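A quick write-up on the structure given underneath.
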Amino acid sequence: MRIGTIVTALIVLCALSSESVYGQAGVSSMTSSALRSGMILKHDEIRVEELVNYHRHQIALPAWDKRIGLDVRSGKMNDGKHAFQIGLATHRDIVEEFRIPLNLVLVIDRSGSMSGNRIAKVKTALVALMNKLSPKDLVSIVTYSDDAKTCLEGTRVLDLETIKSAITRIQTGGSTNLNTGLMLGYKVAEDNFDSERANRVILLTDGIANRGVTDEAQIARESKKYNDREIGLSTIGLGSNFNQSLLRELADAGRGAIHFVADVDDIQKVFVDEFDSLLSPAAMDVTLTIRFPEVGKLPKIFGYQPEKLANGYRVPLENMSYGATQVVVGKFGSRKPTKIDVELTYFNSCTKKRVRFEQSIQLKAGESDRVLKKNYAIAKVANSVKQSAKLVESSKHQKAYARLSESMFFARMSFEPDSDPDVDRICDIAQQQICGVLRLAVADK
């Protein structure tokens, strides 16, 4: 690599790191997009952390020689509770010469329900995606309905016309043999596997697996075998009839992103606007360990699936792409510690090495800053959305309504007389949930 290129890259990375914080818009996560579209989800389908992460975060950028930066805040909230936030951020962008080339396999549902405008929009989005790729990237296309077939195998993006021709030829019809399509996609990715590339499968479906292997646990187990061999997976659910729990299980197994597209017109947003979150891993197998050496009773973590330790939590996180942020928000009980110990580990996809670093943070006393107040308010509303769904399942509609209303009132009052677009967004989602609760209350009478 040319010395000039390296120098340019270092200058860019240092320039990015010199800014203290940056904001990233939310991505099309399953929970947030489904709720905003008016869908009524079961409580176990709602991920609080997705709602918390579906907005702009003001997070300190990492140092130029780190893939992920840590940003820890704490303080007293308007409800009298002491809260903390651990924010993670990656660099906004990567110099093109340093981006790992892709071995990308697109696994596309071509069952009968994809016919007409739906498949036409997907084809347009796929062509737009090709224009985002680099000439050195490798692309394969697998389609599935009753069975699965390889439409294009291991073609460099340099040969764009061949790729576009394969996309144009996709025809719809038949049922949904999702497992056969996914396994063929993994096999194609494995056949072209290259340790110098980011090896990735993107699965798109608008339906429920109704042919071949349909057992969710079995499909997820087989999928994870490939994930463990460093073939990543992102999933895209289109419409409202796909198997949400299966896509969730697949994404969890591979620590990849699950995207939901309510309207086919939005499919291009996922493929193009959210390109990095689909394809560009900055750090894989990310795990955050938080220890509270001075606390007897562990604090509450909003969302995620934290593993309890003797004096803290281990929190597995999604793989993080460039330009990504995540926050872990929690609240203490009656006793607030003066410090917490944080350990972050991840796999560097460039160096192929595992990175680990620790940080001991002294917690601030007194009022918190606006960033933590906002994320705490959003986390409380998000948590009430999940709680209300569980209450509705027990026909406790009045309690569900009260829980949502209380959290919305707290969030709004936390920012009076000003307003905040991210707080407004989560309150809009809660309002959609209230409308759903009222509809179900009437239907149950």
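Numbering-wise (full-length UniProt numbering), the sequence shown opens with residue 1 and increments by one. Glycine included, each C-beta is placed from N, C-alpha and C at the ideal position. From a predicted model like this one, the values you see are computed outputs, not experimental measurements.
Nearest neighbour of residue i, chosen from the options [CA to CA]
| i | options | result |
| --- | --- | --- |
| Arg314 | Thr176, Asp252, Gln305, Leu440 | Gln305 |
| Leu88 | Pro316, Thr162, Ser368 | Pro316 |
| Val423 | Gln433, Val201, Phe409, Thr176 | Phe409 |
| Val157 | Ala411, Leu126, Thr150, Tyr186 | Leu126 |
| Pro135 | Gly116, Leu104, Lys121, Asp147 | Leu104 |
| Leu344 | Ser407, Val328, Phe415, Lys336 | Val328 |
| Leu182 | Ser234, Lys164, Asn78 | Ser234 |
| Glu406 | Glu161, Thr168, Arg200, Ala382 | Ala382 |
| Gln85 | Ile426, Ile434, Phe302, Asn319 | Phe302 |
| Leu298 | Ile267, Lys164, Pro337, Asp285 | Pro337 |
| Leu250 | Ile267, Tyr144, Tyr186 | Tyr186 |
| Ser145 | Glu318, Lys224, Thr168, Met114 | Met114 |
| Arg425 | Glu50, Glu49, Tyr54, Val48 | Tyr54 |
| Arg229 | Arg335, Thr168, Asn192 | Asn192 |
| Pro62 | Lys339, Lys380, Tyr322, Thr214 | Tyr322 |
| Gly296 | Ile202, Lys308, Arg335 | Arg335 |
| Glu318 | Lys81, Tyr346, Val261 | Tyr346 |
Residues near residue i by beta carbon distance below 8 Å, same chain, minus five either side
| i | result |
| --- | --- |
| Ser395 | Asp444 |
| Ile119 | Arg110, Ile170, Thr172 |
| Val437 | Ser388, Val392, His397, Ala400, Tyr401, Leu404 |
| Lys149 | Val142, Thr143, Leu184 |
Coil, strand or helix - residue i by DSSP
| i | result |
| --- | --- |
| Glu358 | strand |
| His43 | helix |
| Arg314 | strand |
| Leu133 | coil |
| Lys374 | helix |
| Ile167 | helix |
| Ser175 | coil |
| Arg412 | helix |
| Ile258 | strand |
| Asp285 | strand |
| Phe193 | coil |
| Cys427 | helix |
| Pro162 | Here residue 162 is Thr; the residue named in the question, Pro, does not match the sequence. Three-state DSSP puts Thr162 in a helix. |
| Arg335 | coil |
| Val328 | strand |
| Leu138 | strand |
| residue 446 | Here the chain has residues from 1 to 445 only, and residue 446 is not among them. |
| Asn348 | strand |
| Leu152 | strand |
| Val48 | helix |
| Tyr322 | coil |
| Glu294 | coil |
Distance CB(residue i)-CB(residue j) smaller than 9 Å
| i | j | result |
| --- | --- | --- |
| Val385 | Ile40 | no |
| Glu294 | Ile231 | no |
| Gly312 | Thr289 | yes |
| Ala441 | Gln398 | yes |
| Gly212 | Gly112 | no |
| Leu247 | Val107 | no |
| Ala253 | Ala209 | no |
| Ala128 | Phe332 | no |
| Asp206 | Leu238 | yes |
| Thr90 | Ala324 | yes |
| Leu133 | Asp194 | no |
| Lys374 | Asp420 | yes |
| Leu179 | Gln218 | According to the sequence as given, residue 179 is Asn; it is not Leu. The answer is yes: Cβ separation under 9 Å. |
| Leu102 | Met130 | no |
| Ile267 | Val122 | yes |
| Gly75 | Asp369 | yes |
| Gln433 | Glu49 | no |
| Ile163 | Thr155 | yes |
| Lys352 | Gly330 | no |
| Lys380 | Leu363 | no |
Contacting residues, own chain, Cβ-Cβ under 7 Å from residue i (five flanking each side not counted)
| i | result |
| --- | --- |
| Glu153 | Ser140, Val188 |
| Asn348 | Arg67, Ala283, Val355 |
| Ala389 | Leu41, Lys42, His43, Ile46 |
| Ala377 | Phe410, Ala411, Ser414, Val423 |
| Ile100 | Arg197, Ala198, Ser349, Cys350 |
| Phe357 | Leu344 |
| Glu216 | Ser245, Leu246, Glu249 |
| Asp147 | Asn177, Thr180 |
Any non-hydrogen atom of the ligand HEM closer than 8 Å to residue i Cβ
| i | result |
| --- | --- |
| Gln218 | What this structure holds is no ligand at all, so the ligand HEM is not there to describe. |
Beta-carbon contacts of residue i that lie in its chain and below 6 Å, excluding the five residues immediately before and after
| i | result |
| --- | --- |
| Val371 | Gln58 |
| Asp341 | Arg291, Ser360 |
| Val72 | Ile86, Ile361 |
| Met320 | Thr90, Ala282, Ala283, Val286 |
| Lys224 | Ala253 |
Whole alpha helix (DSSP H) runs in the stretch 50-130 with 4 or more residues, listed along the chain? Segments of the alpha helix (DSSP H) lying fully in the stretch 50-130: 117-130.
What residue ranges within the stretch 199-244 form continuous alpha helix (DSSP H) runs of no fewer than 4 residues, ordered along the chain? Here the runs fully enclosed are 216-227.
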